[in-house]
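First residue of the sequence shown? That's 293 in the numbering used here, and the numbers climb one at a time after it. The beta-carbon is built from N, C-alpha and C at its ideal position, and this holds for glycine as well. Predicted model only: the values in this text are computed from it and were never measured. Right, one structure below, let's go through it.
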Amino acid sequence: MDFSPDLVKGSIEPVILQLLSEQERYGYEIIKTVNLRTGNVFDWKEGTLYPWLHRLEGDKLIQSRWVEADSGRQRKYYRITKRGLASLAERKDEWNSFSKAVNALLLVQPA
Numbered sequence: 293m294d295f296s297p298d299l300v301k302g303s304i305e306p307v308i309l310q311l312l313s314e315q316e317r318y319g320y321e322i323i324k325t326v327n328l329r330t331g332n333v334f335d336w337k338e339g340t341l342y343p344w345l346h347r348l349e350g351d352k353l354i355q356s357r358w359v360e361a362d363s364g365r366q367r368k369y370y371r372i373t374k375r376g377l378a379s380l381a382e383r384k385d386e387w388n389s390f391s392k393a394v395n396a397l398l399l400v401q402p403a
């Protein structure tokens, strides 16, 4: 199913922050996790993720570090900051209130 770009855009930041609150991850791992957990309903690509990672890092919501993988290749790992955790908590509260209000309107059975 294709979702409206506005709907998708509003969910990217909290999804990234949630995944990084669970554990440190590298970019491709974030993409695989999103696609797996959503059954590929969210079919994220690198072009979706990496601009957001750069923005979140610039906003100091996440931090990154380079780690050498077993293959010898460098991987950039991301982790959430305290500021990112606070932002995630706010976004979750906002999402819960918003989705409850929308559901109250959309899930009403016609008389």
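Item, Value
"Sequence-distant residues of the same chain with beta carbon closer than 8 Å to aspartate 335, five excluded per side", "Asn327"
"The alpha helix (DSSP H) enclosing glutamine 310, as first and last residue numbers", "297-314"
"Residues sharing a beta bridge with lysine 368, DSSP", "Trp358"
"Residues that DSSP places opposite tyrosine 320 in a beta bridge", "Per DSSP, none; premise fails for tyrosine 320."
"Contact the segment 381-390 vs the segment 302-311: 3+ CB pairs below 8 Å", "yes"
"Rounded straight-line distance, which links the Cα of isoleucine 372 to that of serine 313", "6 Å"
"Bounding residues of the alpha helix (DSSP H) (the contiguous stretch that carries leucine 399)", "Premise fails: leucine 399 is in no alpha helix (DSSP H) and is neither H nor E."
"Segment limits, alpha helix (DSSP H) that includes leucine 348", "338-350"
"Same chain only: Cβ atoms within 8 Å of threonine 325, ignoring 5 sequence neighbours per side", "Leu311 and Arg317"
"Secondary structure of threonine 325, DSSP reduced to three states", "helix"
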